[in-house]
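Residue numbers (this note's numbering): -11 to 366.
We put the beta carbon where it would ideally sit given N, CA and C, even for glycine.
Being a predicted model, the structure only gives us computed values, none of them experimental.
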């Protein structure tokens, strides 16, 4: 931190009453919005009936600042500049942001792994499950000393910051519009989750970054593309062919890895056909015979509409979470961050949502693409 930065730092020591007031007032806003926190600070209910203007006036009173009773708008401007009022607004928006983020449903977390890095540098990270390593067991008595175990080839992961901005205007505060403190931040939180999903599923696009060997994630040389024929509807033969490719993947020395599929990943276009197949214990045929469906209710199935935009008749088999695609977070922070500042031009409060993450396909061996596009297989 520079000398100029240190000179701008303000250290505020709060007494118990200040801190208690902050908690009670912040909880009261959530109660008003119908988003009651799991643990309500005692006394929060007494502020739950306050409008935002009245809460601004109460913040002034807590600081010993008096304003004329008949002045309806000045308390808002003064409270934004000299009291805990901005904190109360920001904290309410922050909790709403996190709530919206956590409650938004996206499919990527059902099949991707997670990793944390300490900074924004393109950083070497170790794959949790080392599928490139070939550490064979050996006879200790024969060699009479321990051998060092090689670590697998690491990969690089890059973190990028993603930001959104929105504002709580002075007019919205005076008009007591809680929408901008609750629903709007919640929508922004959902948007963050949506963005992560967008970046994750971009991995499946032909334009996705190349792997470390200079080839695409799904490539004939990676032996992870299976033919589907005329359509993408799953059958025993199609699932078996894709499963065979996954299980028969080898490391750089040729040792078979026996990677077991954990998730079937389908575009939503194949939902009806796939569910009909996997929920049928018998396979009907024109001759009338009913052979058992060996894949009846097998594994976990994920249906993702973003995959329809890439190819509505292509599906994927995915292995263990820590062997395929990883979502990488900065310093372990898995929820978005909210910061605020007063806008002196509008007498409102500017808020910025920030989230730092990256997405990395760590190995092609843990994923198989089953496609109708024959040119991809050649």
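query, result
"Touch test, the stretch 144 to 159 against the stretch 335 to 350, Cβ-Cβ under 8 Å, three pairs minimum", "yes"
"Residue from 302, 37, 83 and 171 with nearest C-alpha to residue 222", "302"
"Local Cβ density within 10 Å of residue 79, reported as buried at 16 or more and exposed below that", "buried"
"Contiguous beta strand (DSSP E) assignments of at least 3 residues, all confined to the stretch 174 to 258", "213 to 215 and 251 to 255"
"Residue 369 versus residue 61 - alpha carbon distance", "Look at the range of the chain in this structure, -11 to 366, and you will see that residue 369 is not part of it."
"Residue 269 and residue 288 closer than 9 Å at C-beta", "no"
"Alpha-carbon spacing of residue 96 relative to residue 189, whole angstroms", "8 Å"
"Where residue 127 sits in the DSSP three-state scheme", "Confidence at residue 127 is low in this model, with a pLDDT of 49, below 50, so the placement of that residue is unreliable and no value is reported for it."
"Beta-carbon proximity check, residue 304 vs residue 192, cutoff 9 Å", "yes"
"Best match in 12, 111, 219 and 18 for proximity to residue 168 [C-alpha to C-alpha]", "18"
"Where residue 319 falls, given that 16 or more other Cβ within 10 Å makes a residue buried", "exposed"
"Presumed contact (8 Å Cβ cut-off) between residue 44 and residue 9, rounded CB distance", "Residue 44 to residue 9, Cβ: 13 Å. No contact."
"Cβ neighbour criterion (16 or more within 10 Å) applied to residue 110", "exposed"
"Residue 76, DSSP secondary structure in three states", "helix"
"Start and end residues, alpha helix (DSSP H) containing residue 108", "Careful: residue 108 lies outside any alpha helix (DSSP H) and carries neither H nor E."
"Residues of its chain near residue 149, where Cβ-Cβ distance is below 7 Å and the 5 sequence neighbours each way are ignored", "342 and 344"
"Residue 156, enclosing beta strand (DSSP E) - first and last residue", "148 to 156"
"Residue 305 - partner residues in DSSP beta bridges", "252 and 356"
"N-terminal and C-terminal residue of the beta strand (DSSP E) that residue 337 is part of", "336 to 349"
"Distance, residue 99 Cα to residue 307 Cα", "8 Å"
"Per-residue DSSP class, three states only, for residue 165", "coil"
"Neighbourhood of residue 314 by C-beta distance below 6 Å, restricted to the same chain and skipping five residues each side", "101, 103, 348 and 350"
"Delimiting residues of the alpha helix (DSSP H) encompassing residue 65", "62 to 70"
"For residue 57, the three-state DSSP class (helix, strand or coil)", "coil"
"Selection from 21, 237, 295 and 235 that minimises the alpha carbon distance to residue 258", "295"
"As assigned by DSSP and simplified to three states, the class of residue 453", "The structure shown does not extend to residue 453, since the chain is modelled only from -11 to 366, so the question has no answer here."
"Inter-residue Cα distance where the pair is residue 119 and residue 205", "Because residue 119 sits at a pLDDT of 48, beneath the cut-off of 50, its placement in the model cannot be relied upon, and the following sentence gives the value as read from the coordinates. Answer to the nearest angstrom: the Cα atoms are 16 Å apart."
"Assigned exposure category for residue 249 - 16 Cβ within 10 Å defines buried", "buried"
"Rounded separation between residue 235 and residue 210 - CA only", "13 Å"
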